[in-house]
């Protein structure tokens with residue numbers, strides 16, 4: 001099945017409404033729609049300016065995920081470090 005330009009434009013509109021309106025409850029569905037489209041492509045010809053913006057977004061996503069991962073490791077490390085004799089059992 002092919003998505004025609006009119007359908008793609010509608011998806012663009014919906015995506016912009018969700019992002020600009022900060023509709024967090026609809027982010028999952030929006031991302032899934034975009035992911036399905038991206039996964040179906042073998043390659044995309046994009047202007048350099050768009051590629052630069054995508055590269056910046058990817059760098060931010062990767063940096064945020066690294067920080068989150070490091071925090072998780074720190075938390076687990078602190079939990080593992082606490083001596084068992086100091087831990088109080090849950091009642």
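Numbering (the UniProt record's numbering), first residue to last: 1 to 91. Built from N, CA and C at the ideal position, the CB exists for glycine as well.
Cβ pair count under 8 Å reaching 3, the segment 31-39 against the segment 52-70: no
Taking DSSP as the reference, what is the three-state secondary structure of residue 25? helix
Nearest-angstrom Cα distance between residue 60 and residue 76? 24 Å
Check whether the Cβ atoms of residue 18 and residue 27 lie closer than 8 Å to each other. yes
Could you give the residue range of the alpha helix (DSSP H) that holds residue 44? Unbroken run through residue 44: none, as it is neither H nor E.
Taking only the alpha-carbon atoms, compute the straight-line gap between residue 73 and residue 63 and give it to the nearest angstrom. Straight-line measurement puts the Cα of residue 63 at about 15 Å from the Cα of residue 73.
Simplified DSSP state of residue 4, which is helix, strand or coil: coil
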